[in-house]
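In terms of our numbering, the sequence shown opens at residue 848 and continues consecutively. Ideal Cβ placement from N, Cα and C applies to all residues, glycine included. These numbers come from a predicted model, not from an experiment.
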Amino acid sequence: MLSGAHTPDKGEIYFEGQKVNIDNPRTAMKIGIHTIYQEPTLFPYLSVMENLFIGNEISRGVLLNKTEMTAKTKEMLEFLHSNIYPDDIVGELGSGDRKIVEIARGLLQDSRVVILDEPTSSFSQTEIDHLLNVVKKLAESGISIVYISHHIEEVFKIADRVTVIRDGIKINTYDIQNLTKQQLINDMVGRDVSLFYKRPKVPIDDVVFEVKNLSGNGVKGISFKVRKGELVGIAGMVGSGRTELAEILFGAKKADSGQILVNGKKVNISTPQSAISNRMCYITEDKQVTGLFLQHPIDKNIPIASYSKSATPFALPSNDAKLSQKYIDSLRIITPSVSQLVMFLSGGNQQKVVLAKWFATNADIFIFDEPTIPV
848 MLSGAHTPDK GEIYFEGQKV NIDNPRTAMK IGIHTIYQEP TLFPYLSVME NLFIGNEISR
908 GVLLNKTEMT AKTKEMLEFL HSNIYPDDIV GELGSGDRKI VEIARGLLQD SRVVILDEPT
968 SSFSQTEIDH LLNVVKKLAE SGISIVYISH HIEEVFKIAD RVTVIRDGIK INTYDIQNLT
1028 KQQLINDMVG RDVSLFYKRP KVPIDDVVFE VKNLSGNGVK GISFKVRKGE LVGIAGMVGS
1088 GRTELAEILF GAKKADSGQI LVNGKKVNIS TPQSAISNRM CYITEDKQVT GLFLQHPIDK
1148 NIPIASYSKS ATPFALPSND AKLSQKYIDS LRIITPSVSQ LVMFLSGGNQ QKVVLAKWFA
1208 TNADIFIFDE PTIPV
């Protein structure tokens, strides 16, 4: 609502002491409010300079003044202590650098308030530290910052005041020096919890999933075993091959060589359907692109993976709604109804819909690829 993407039902917004009506994003930008969303809003095949000035090009007569636009881009990037060049292609930049480009675009529009919504999702620690330094520099220059995050450490590093919102309701506002991490966590979740989740010990059982010398799709010679009730982590930097491995395991990409065994039996996982038939599921890194049908309601998303190839294409709406309501209740998905379009859910609730979709298949081998991005 602050960015004009949605219109409030009631309440008032004041900017520099004056009541304002922000009824669309263009109005917000004219006022001086720039929002950097969770999901990228850049054009990946254009240069940094082209992204910064698209829609606000500087011209000299009938021709674009690329010299001046390049100079202003370079000046802004230097202000942000960035090593990016104006002619770099955005799609070839890392996630941290792309976020810097979005900030630079807002500053070129003379923004006085910058709203950052979960800006460090999928960042390396180096990228996080750089972005936090940039945010501090913006604040020191007189720009007001609204930093939305569930990462506790980031909040305590940069915030002067903290407002906690839970289920759309303001819980508390604190000066940062009067707030402890434990109190912040308690307010966020609505109950007293310890700082760290304590996982109960699970007895080691039989091997249910095994990979032998798997190669292809950018990975080579991967072998590991997973036992029933066991969590196996796969670590690596962005671009290390984690996602590529997950795609092979689920049949989204084909392996060149190697074996996959489920419950001791060699299986041919050549398609996602064959993976699902072996009671496997894959929670992808980008739920909005590969995990959900955003423009369809919840009760069309949750049952979708449960339909077999031989099933009738005409599912009973009442059954879909009943199944969806079951998981809305059990996973506490916040939504007005099963018919709510998934695109209007929060990131966390969208991820719950993804989980519900796979729970409904009775899968017992779960592949998670960066499941908390962005939640």
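Candidates the options, of which the one nearest residue i by Cα
| i | options | result |
| --- | --- | --- |
| G1195 | L1170, Q1172, L1139, A1168 | L1139 |
| K919 | K1100, R952, V1114 | R952 |
| P889 | L1178, D944, V1055 | Reading off the sequence shown, one finds Leu at residue 889, where the question assumed Pro. Comparing Cα positions, the closest option is D944. |
| Q1120 | K1100, I880, R1008, G1111 | K1100 |
| I828 | Y884, K866, Q885 | Residue 828 cannot be examined here, being either before or after the span of the chain that is shown, 848 to 1222. |
| L1026 | S1186, F1003, M916 | F1003 |
| I1151 | A852, A1203, M876, V895 | A1203 |
| E863 | I1051, S991, T1118 | S991 |
| I883 | G1080, I950, Y861, E1057 | I950 |
| Q1135 | T854, D856, P887 | P887 |
| G1086 | L940, M916, Y861 | L940 |
8 Å Cβ cutoff met for residue i and residue j
| i | j | result |
| --- | --- | --- |
| I1095 | G1063 | yes |
| L893 | V948 | no |
| S968 | I1220 | yes |
| S1153 | A1210 | no |
| D976 | V1011 | no |
| L985 | V961 | yes |
| D1176 | K1147 | no |
| L1141 | M1084 | no |
| V1066 | L1031 | no |
| I931 | V909 | no |
| I995 | K1028 | no |
| Q885 | E974 | no |
| P933 | K946 | no |
| V1055 | N980 | no |
| G1088 | S1117 | no |
Beta-carbon separation (whole angstroms), residue i vs residue j, contact threshold 8 Å
| i | j | result |
| --- | --- | --- |
| G1105 | N1060 | 5 Å |
| Q1187 | I1145 | 6 Å |
| I1018 | K983 | The pair is not a contact, with the Cβ atoms about 26 Å apart (cut-off 8 Å). |
With 16 other Cβ atoms within 10 Å as the buried cut-off, status of residue i
| i | result |
| --- | --- |
| H928 | exposed |
| L1170 | buried |
| S850 | buried |
| I880 | buried |
| D1053 | exposed |
| K1045 | exposed |
| F1071 | exposed |
| K1156 | Reliability fails at K1156, whose pLDDT of 48 lies under 50, so the model's placement of it is uncertain and no value is given. |
| N898 | buried |
| M923 | buried |
| M848 | exposed |
Any non-hydrogen atom of the ligand NAP closer than 7 Å to residue i Cβ
| i | result |
| --- | --- |
| D964 | Absent from the structure shown: the ligand NAP. Ligands present: none. |
Query raised in the report: Counting Cβ pairs closer than 8 Å, one from the segment 1200 to 1218 and one from the segment 1129 to 1141, do we hit at least three?
Result: Segments in contact, yes.
Report task. Tell me, please, whether the segment 1120 to 1127 touches the segment 1077 to 1095 by the rule of three or more beta-carbon pairs shorter than 8 Å. Result -> no
Query raised in the report: Below 8 Å, can you find three or more Cβ-Cβ pairs linking the segment 943 to 962 to the segment 896 to 906?
Result: yes
Query raised in the report: How about the segment 1074 to 1085 and the segment 1024 to 1041: do they share at least three Cβ pairs that are nearer than 8 Å?
Result: no
Query raised in the report: Does the count of Cβ pairs from the segment 871 to 887 and the segment 1173 to 1192 closer than 8 Å reach three?
Result: no
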